[in-house]
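Enquirer:
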(Lines of atoms letter the chains of each structure in order from A and count residues from 1; the text may use other names and numbers.)
(Lines give C-alpha, C1' and ligand atoms only; values in the text may rest on other atoms or scores of the structure.)
Protein backbone atom coordinates (compact mmCIF):
# COMPACT_ATOMS: atom_id res chain seq x y z
CA UNK A 1 0.00 0.00 0.00
CA UNK A 2 1.35 3.42 -0.90
CA UNK A 3 0.15 6.90 -0.11
CA UNK A 4 -0.47 8.64 -3.44
CA UNK A 5 -1.65 12.00 -2.09
CA UNK A 6 -2.11 13.83 1.18
CA UNK A 7 -3.78 17.24 1.02
CA UNK A 8 -4.82 19.43 3.92
CA UNK A 9 -7.73 21.70 3.20
CA UNK A 10 -7.08 25.35 2.40
CA UNK A 11 -9.92 27.83 1.69
CA UNK A 12 -8.18 28.73 -1.57
CA UNK A 13 -8.86 25.20 -2.82
CA UNK A 14 -12.55 26.02 -3.12
CA UNK A 15 -11.72 27.51 -6.49
CA UNK A 16 -14.04 28.33 -9.36
CA UNK A 17 -13.29 25.03 -11.14
CA UNK A 18 -14.28 22.96 -8.13
CA UNK A 19 -17.42 25.03 -7.64
CA UNK A 20 -18.30 24.46 -11.27
CA UNK A 21 -17.93 20.70 -10.80
CA UNK A 22 -20.55 20.84 -8.05
CA UNK A 23 -23.18 22.47 -10.27
CA UNK A 24 -24.37 19.20 -11.91
CA UNK A 25 -24.44 17.46 -8.51
CA UNK A 26 -26.65 20.18 -7.02
CA UNK A 27 -28.86 20.09 -10.10
CA UNK A 28 -29.12 16.29 -9.88
CA UNK A 29 -30.16 16.32 -6.21
CA UNK A 30 -32.50 19.29 -6.58
CA UNK A 31 -30.62 21.59 -4.21
CA UNK A 32 -31.53 25.29 -4.44
CA UNK A 33 -29.38 27.23 -6.89
CA UNK A 34 -26.64 29.17 -5.17
CA UNK A 35 -26.46 26.89 -2.11
CA UNK A 36 -23.41 28.04 -0.08
CA UNK A 37 -20.66 25.45 -0.12
CA UNK A 38 -20.01 26.04 3.59
CA UNK A 39 -23.54 24.94 4.56
CA UNK A 40 -25.56 21.76 4.29
CA UNK A 41 -27.32 21.28 0.95
CA UNK A 42 -30.69 19.54 1.19
CA UNK A 43 -32.19 18.13 -1.98
CA UNK A 44 -35.13 16.04 -3.06
CA UNK A 45 -35.81 12.49 -1.92
CA UNK A 46 -33.88 12.99 1.30
CA UNK A 47 -30.48 13.47 -0.40
CA UNK A 48 -28.01 15.62 1.51
CA UNK A 49 -24.52 17.11 1.22
CA UNK A 50 -22.98 18.19 4.50
CA UNK A 51 -21.03 21.44 4.35
CA UNK A 52 -17.42 20.23 4.36
CA UNK A 53 -18.33 17.25 2.17
CA UNK A 54 -18.99 19.52 -0.81
CA UNK A 55 -15.25 19.94 -1.02
CA UNK A 56 -14.28 16.48 0.15
CA UNK A 57 -16.46 14.47 -2.23
CA UNK A 58 -15.89 16.75 -5.21
CA UNK A 59 -12.13 16.72 -4.72
CA UNK A 60 -12.17 12.94 -4.24
CA UNK A 61 -14.08 12.45 -7.49
CA UNK A 62 -11.68 14.73 -9.34
CA UNK A 63 -8.48 13.15 -8.01
CA UNK A 64 -9.70 9.54 -8.34
CA UNK A 65 -10.74 10.04 -11.99
CA UNK A 66 -13.66 7.71 -11.29
CA UNK A 67 -15.88 9.29 -13.95
CA UNK A 68 -13.29 8.36 -16.58
CA UNK A 69 -13.83 4.67 -15.79
CA UNK A 70 -17.52 3.91 -16.40
CA UNK A 71 -18.63 0.54 -15.13
CA UNK A 72 -16.10 0.36 -12.30
CA UNK A 73 -17.26 -0.95 -8.94
CA UNK A 74 -17.02 1.60 -6.13
CA UNK A 75 -17.95 1.59 -2.46
CA UNK A 76 -18.90 4.59 -0.33
CA UNK A 77 -18.28 3.42 3.25
CA UNK A 78 -20.34 5.41 5.72
CA UNK A 79 -22.38 6.90 2.88
CA UNK A 80 -25.30 8.19 4.93
CA UNK A 81 -27.77 9.91 2.62
CA UNK A 82 -25.09 11.64 0.56
CA UNK A 83 -26.06 12.78 -2.92
CA UNK A 84 -22.65 11.87 -4.33
CA UNK A 85 -23.02 8.06 -4.53
CA UNK A 86 -26.44 8.58 -6.10
CA UNK A 87 -24.92 11.02 -8.60
CA UNK A 88 -22.08 8.62 -9.46
CA UNK A 89 -24.54 5.77 -9.97
CA UNK A 90 -26.36 7.97 -12.47
CA UNK A 91 -23.08 8.52 -14.33
CA UNK A 92 -22.46 4.82 -14.94
CA UNK A 93 -20.49 3.83 -11.83
CA UNK A 94 -21.59 0.52 -10.24
CA UNK A 95 -22.08 2.15 -6.87
CA UNK A 96 -22.35 0.42 -3.50
CA UNK A 97 -22.91 1.99 -0.10
CA UNK A 98 -22.86 0.90 3.52
CA UNK A 99 -23.98 2.74 6.64
CA UNK A 100 -25.39 2.00 10.09
CA UNK A 101 -28.43 4.19 9.42
CA UNK A 102 -31.10 2.15 7.60
CA UNK A 103 -33.31 5.15 6.80
CA UNK A 104 -30.34 6.95 5.25
CA UNK A 105 -29.34 4.16 2.88
CA UNK A 106 -33.00 3.67 1.94
CA UNK A 107 -32.81 7.13 0.35
CA UNK A 108 -30.03 5.96 -1.99
CA UNK A 109 -31.55 2.74 -3.32
CA UNK A 110 -34.02 4.41 -5.71
CA UNK A 111 -31.03 6.03 -7.44
CA UNK A 112 -29.35 2.72 -8.30
CA UNK A 113 -27.01 2.49 -5.31
CA UNK A 114 -26.71 -1.02 -3.85
CA UNK A 115 -26.81 0.10 -0.23
CA UNK A 116 -26.79 -2.13 2.84
CA UNK A 117 -26.78 -1.63 6.57
CA UNK A 118 -23.47 -2.61 8.14
CA UNK A 119 -20.41 -1.73 10.18
CA UNK A 120 -17.08 -0.54 8.78
CA UNK A 121 -15.24 -2.84 11.15
CA UNK A 122 -16.75 -5.94 9.47
CA UNK A 123 -17.61 -5.17 5.85
CA UNK A 124 -19.93 -7.77 4.26
CA UNK A 125 -17.89 -7.98 1.04
CA UNK A 126 -15.28 -10.37 -0.33
CA UNK A 127 -11.61 -9.44 -0.60
CA UNK A 128 -10.79 -7.10 -3.50
CA UNK A 129 -14.46 -6.47 -4.35
CA UNK A 130 -14.07 -2.86 -5.49
CA UNK A 131 -11.98 -0.84 -7.93
CA UNK A 132 -12.34 2.25 -5.76
CA UNK A 133 -13.32 2.71 -2.12
CA UNK A 134 -14.30 6.02 -0.53
CA UNK A 135 -14.68 6.82 3.15
CA UNK A 136 -15.59 10.49 3.47
CA UNK A 137 -15.24 12.03 6.95
CA UNK A 138 -16.27 8.84 8.77
CA UNK A 139 -13.18 6.80 9.64
CA UNK A 140 -11.88 9.02 12.45
CA UNK A 141 -15.21 8.83 14.28
CA UNK A 142 -15.24 5.03 14.49
CA UNK A 143 -14.24 3.22 17.71
CA UNK A 144 -11.17 1.69 16.04
CA UNK A 145 -10.10 3.68 12.94
CA UNK A 146 -7.11 1.46 12.15
CA UNK A 147 -9.15 -1.76 12.09
CA UNK A 148 -11.79 -0.10 9.93
CA UNK A 149 -9.08 1.15 7.57
CA UNK A 150 -7.78 -2.41 7.24
CA UNK A 151 -11.28 -3.54 6.25
CA UNK A 152 -11.46 -0.82 3.59
CA UNK A 153 -8.04 -1.90 2.32
CA UNK A 154 -9.16 -5.56 2.26
CA UNK A 155 -12.11 -4.93 -0.06
CA UNK A 156 -10.05 -2.72 -2.43
CA UNK A 157 -8.74 -4.65 -5.44
CA UNK A 158 -5.04 -4.89 -6.16
CA UNK A 159 -4.16 -1.80 -8.19
CA UNK A 160 -7.27 -0.01 -6.99
CA UNK A 161 -7.47 3.15 -4.91
CA UNK A 162 -8.71 3.88 -1.41
CA UNK A 163 -9.72 7.47 -0.62
CA UNK A 164 -10.17 8.68 2.95
CA UNK A 165 -11.04 12.15 4.20
CA UNK A 166 -11.17 13.14 7.85
CA UNK A 167 -11.64 15.96 10.31
CA UNK A 168 -8.04 16.75 11.23
CA UNK A 169 -6.73 18.45 14.37
CA UNK A 170 -3.51 20.38 13.60
CA UNK A 171 -0.51 20.10 15.88
CA UNK A 172 -1.17 21.08 19.48
CA UNK A 173 -4.97 21.07 19.22
CA UNK A 174 -7.26 18.47 20.85
CA UNK A 175 -7.88 15.22 18.99
CA UNK A 176 -11.50 14.93 20.07
CA UNK A 177 -14.50 17.22 19.86
CA UNK A 178 -17.73 17.62 21.74
CA UNK A 179 -19.69 17.39 18.50
CA UNK A 180 -18.09 14.38 16.81
CA UNK A 181 -15.90 12.57 19.30
CA UNK A 182 -12.41 11.61 18.14
CA UNK A 183 -10.84 13.36 15.17
CA UNK A 184 -7.62 12.57 13.32
CA UNK A 185 -4.38 14.07 14.57
CA UNK A 186 -0.78 13.75 13.40
CA UNK A 187 -0.17 10.68 15.59
CA UNK A 188 -3.16 8.76 14.16
CA UNK A 189 -2.28 9.93 10.65
CA UNK A 190 1.26 8.55 10.95
CA UNK A 191 0.00 5.16 12.15
CA UNK A 192 -2.63 5.11 9.43
CA UNK A 193 -0.26 5.61 6.50
CA UNK A 194 2.09 2.95 7.87
CA UNK A 195 5.79 2.39 8.34
CA UNK A 196 8.00 3.88 5.65
CA UNK A 197 5.60 6.56 4.45
CA UNK A 198 6.52 10.22 4.83
CA UNK A 199 3.90 12.50 6.36
CA UNK A 200 4.43 16.12 5.27
CA UNK A 201 5.14 18.60 8.03
CA UNK A 202 2.36 21.01 8.90
CA UNK A 203 2.81 24.61 7.82
CA UNK A 204 1.29 27.68 9.48
CA UNK A 205 -0.96 28.09 6.43
CA UNK A 206 -2.85 24.98 7.60
CA UNK A 207 -4.42 27.12 10.32
CA UNK A 208 -6.14 29.32 7.75
CA UNK A 209 -8.74 26.58 7.31
CA UNK A 210 -9.82 26.60 10.96
CA UNK A 211 -13.48 27.50 11.26
CA UNK A 212 -13.99 27.88 7.52
CA UNK A 213 -16.98 25.54 7.59
CA UNK A 214 -19.48 26.96 10.04
CA UNK A 215 -20.91 23.57 11.03
CA UNK A 216 -17.52 22.02 11.78
CA UNK A 217 -15.66 22.08 15.06
CA UNK A 218 -13.67 25.36 15.21
CA UNK A 219 -10.26 23.73 15.61
CA UNK A 220 -10.33 21.08 12.84
CA UNK A 221 -9.81 21.13 9.07
CA UNK A 222 -10.53 18.44 6.45
CA UNK A 223 -7.65 16.27 5.23
CA UNK A 224 -7.66 14.20 2.01
CA UNK A 225 -5.75 10.90 1.68
CA UNK A 226 -5.57 8.69 -1.40
CA UNK A 227 -3.86 5.30 -1.28
CA UNK A 228 -3.01 2.84 -4.05
CA UNK A 229 -3.18 -0.85 -3.18
CA UNK A 230 0.06 -2.00 -4.76
CA UNK A 231 0.63 -5.20 -2.82
CA UNK A 232 -1.09 -8.04 -1.03
CA UNK A 233 0.59 -7.43 2.34
CA UNK A 234 -1.83 -5.84 4.84
CA UNK A 235 -0.95 -2.39 6.20
CA UNK A 236 1.43 -2.24 9.15
CA UNK A 237 0.23 0.20 11.81
CA UNK A 238 2.52 -1.01 14.58
CA UNK A 239 5.11 1.69 14.01
CA UNK A 240 4.86 5.26 12.85
CA UNK A 241 5.64 6.96 9.59
CA UNK A 242 8.66 9.18 9.20
CA UNK A 243 8.07 12.52 10.87
CA UNK A 244 9.67 15.81 9.88
CA UNK A 245 9.78 18.64 12.39
CA UNK A 246 6.33 18.71 14.00
CA UNK A 247 4.24 21.76 14.60
CA UNK A 248 4.78 25.43 14.00
CA UNK A 249 6.45 27.85 16.41
CA UNK A 250 4.21 30.78 17.29
CA UNK A 251 6.92 33.10 16.04
CA UNK A 252 6.30 31.86 12.49
CA UNK A 253 2.66 33.01 12.48
CA UNK A 254 1.70 36.47 11.31
CA UNK A 255 -0.34 38.55 13.78
CA UNK A 256 -3.64 38.18 11.92
CA UNK A 257 -3.36 34.39 11.74
CA UNK A 258 -2.31 34.26 15.41
CA UNK A 259 -5.40 36.21 16.44
CA UNK A 260 -7.79 34.15 14.31
CA UNK A 261 -6.35 30.91 15.65
CA UNK A 262 -6.56 32.23 19.21
CA UNK A 263 -10.24 33.01 18.79
CA UNK A 264 -10.90 29.51 17.44
CA UNK A 265 -9.07 27.96 20.39
CA UNK A 266 -10.98 30.16 22.84
CA UNK A 267 -14.33 29.27 21.26
CA UNK A 268 -13.57 25.55 21.47
CA UNK A 269 -12.27 25.87 25.06
CA UNK A 270 -15.52 27.45 26.20
CA UNK A 271 -17.45 24.52 24.76
CA UNK A 272 -15.08 22.02 26.37
CA UNK A 273 -15.56 23.76 29.71
CA UNK A 274 -19.35 23.68 29.28
CA UNK A 275 -19.22 19.90 28.72
CA UNK A 276 -16.84 19.31 31.62
CA UNK A 277 -13.77 18.34 29.56
CA UNK A 278 -11.45 20.26 31.85
CA UNK A 279 -8.06 19.07 30.62
CA UNK A 280 -8.85 20.06 27.03
CA UNK A 281 -10.41 23.35 28.15
CA UNK A 282 -7.37 24.33 30.23
CA UNK A 283 -4.96 23.47 27.42
CA UNK A 284 -6.91 25.46 24.84
CA UNK A 285 -7.42 28.52 27.05
CA UNK A 286 -3.66 28.53 27.65
CA UNK A 287 -2.92 28.16 23.93
CA UNK A 288 -5.39 30.92 23.04
CA UNK A 289 -3.71 33.34 25.44
CA UNK A 290 -0.24 32.31 24.28
CA UNK A 291 -1.25 33.02 20.69
CA UNK A 292 -2.85 36.39 21.49
CA UNK A 293 -1.77 38.13 24.70
CA UNK A 294 -4.55 40.65 24.13
CA UNK A 295 -7.17 37.96 24.65
CA UNK A 296 -7.40 38.52 28.39
CA UNK A 297 -10.69 36.63 28.69
CA UNK A 298 -8.83 33.44 27.75
CA UNK A 299 -6.57 33.96 30.77
CA UNK A 300 -9.58 34.62 33.02
CA UNK A 301 -11.52 31.59 31.82
CA UNK A 302 -8.37 29.50 32.04
CA UNK A 303 -8.35 30.31 35.73
CA UNK A 304 -12.00 29.33 36.00
CA UNK A 305 -11.22 25.99 34.33
CA UNK A 306 -8.76 25.24 37.16
CA UNK A 307 -11.42 25.56 39.86
CA UNK A 308 -12.46 22.33 41.62
CA UNK A 309 -15.11 20.30 39.83
CA UNK A 310 -17.86 20.85 42.45
CA UNK A 311 -17.32 24.62 42.26
CA UNK A 312 -17.64 24.56 38.47
CA UNK A 313 -20.85 22.52 38.71
CA UNK A 314 -22.27 25.07 41.16
CA UNK A 315 -21.32 27.95 38.84
CA UNK A 316 -22.98 26.25 35.87
CA UNK A 317 -26.09 25.72 37.96
CA UNK A 318 -26.19 29.39 38.94
CA UNK A 319 -25.60 30.43 35.33
CA UNK A 320 -28.49 28.24 34.13
CA UNK A 321 -30.81 29.72 36.77
CA UNK A 322 -29.87 33.29 35.85
CA UNK A 323 -30.36 32.55 32.16
CA UNK A 324 -33.83 31.04 32.68
CA UNK A 325 -36.88 33.23 31.99
CA UNK A 326 -38.26 34.57 35.27
CA UNK A 327 -41.74 33.13 35.56
CA UNK A 328 -42.40 33.27 39.25
CA UNK A 329 -40.89 30.64 41.51
CA UNK A 330 -40.87 28.02 38.75
CA UNK A 331 -37.95 29.82 37.14
CA UNK A 332 -35.88 29.17 40.26
CA UNK A 333 -36.89 25.55 40.79
CA UNK A 334 -33.85 23.28 40.81
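Numbering (the working numbering), first residue to last: 1139 to 1472.
We treat Cβ as the ideally placed atom computed from N, Cα and C, and that holds for glycine.
All values derive from a computational prediction rather than experimental measurement.
Cβ of residue 1388 within 8 angstroms of Cβ of residue 1396?
Expert: Yes, the pair counts as a contact, with Cβ atoms nearer than the cut-off.
Enquirer: If you reduce the DSSP assignment to three classes, tell me which class residue 1147 lands in.
Expert: Reduced to three states, the DSSP call for residue 1147 is coil.
Enquirer: Out of curiosity, what's the CA-to-CA distance linking residue 1139 and residue 1159?
Expert: Their backbone Cα atoms lie some 29 angstroms apart in a straight line.
Enquirer: Would DSSP call residue 1410 helix, strand or coil?
Expert: Residue 1410 falls in the helix class under three-state DSSP.
Enquirer: Counting C-beta neighbours from all protein chains within 10 Å, is the total for residue 1324 16 or more, i.e. buried, or is it exposed?
Expert: Its Cβ being crowded by 16 or more others within 10 Å, residue 1324 is buried.
Enquirer: Ignoring anything shorter than 4 residues or poking outside the region 1172–1229, list the alpha helix (DSSP H) runs there in chain order.
Expert: Qualifying alpha helix (DSSP H) stretches, in chain order: 1189–1202 and 1221–1228.
Enquirer: Grouping DSSP H, G and I as helix and E and B as strand, with all else coil, what is residue 1263?
Expert: In the structure shown, residue 1263 sits in coil (DSSP, three-state: anything other than H, G, I, E or B).
Enquirer: Thinking C-alpha only, which one of 1280, 1224 and 1269 is nearest residue 1207?
Expert: Among 1280, 1224 and 1269, the Cα nearest to that of residue 1207 is on 1269.
Enquirer: Helix, strand or coil: how does DSSP classify residue 1352 here?
Expert: Residue state, collapsed to three classes: coil.
Enquirer: Spatial neighbours of residue 1261 within its chain, please: CB distance less than 6 angstroms, with the 5 preceding and 5 following residues excluded, ordered by chain position.
Expert: Excluding sequence neighbours, residue 1261 sits near 1289 and 1293.
Enquirer: If residue 1422 and residue 1410 are in contact, beta carbons under 8 angstroms, what's the gap, nearest whole angstrom?
Expert: Their Cβ separation, rounded to whole angstroms, is 6 angstroms, which keeps residue 1422 and residue 1410 in contact under 8 angstroms.
Enquirer: Do residue 1426 and residue 1407 have their beta-carbon atoms positioned less than 8 angstroms apart in this structure?
Expert: Cβ atoms of residue 1407 and residue 1426: closer than 8 angstroms.
Enquirer: Helix, strand or coil for residue 1283, going by three-state DSSP, please let me know.
Expert: In this structure, residue 1283 counts as helix in the three-state DSSP scheme.
Enquirer: Three-state secondary structure (DSSP) at residue 1237?
Expert: Strand.
Enquirer: For a quick check, are the C-beta atoms of residue 1217 and residue 1235 less than 8 angstroms apart?
Expert: It is a contact, given that the beta carbons lie within the stated cut-off.
Enquirer: On the DSSP bridge assignment, give the partners of residue 1273 in chain order.
Expert: 1302.
Enquirer: To the nearest whole angstrom, what separates the beta carbons of residue 1147 and residue 1347, a pair I think is in contact under 8 angstroms?
Expert: Yes, residue 1147 and residue 1347 are in contact; Cβ-Cβ is about 5 angstroms, under 8 angstroms.
Enquirer: Taking the beta carbon of residue 1282 as the centre, do at least 16 other beta carbons fall within 10 Å, making it buried, or is it exposed?
Expert: That one is exposed.
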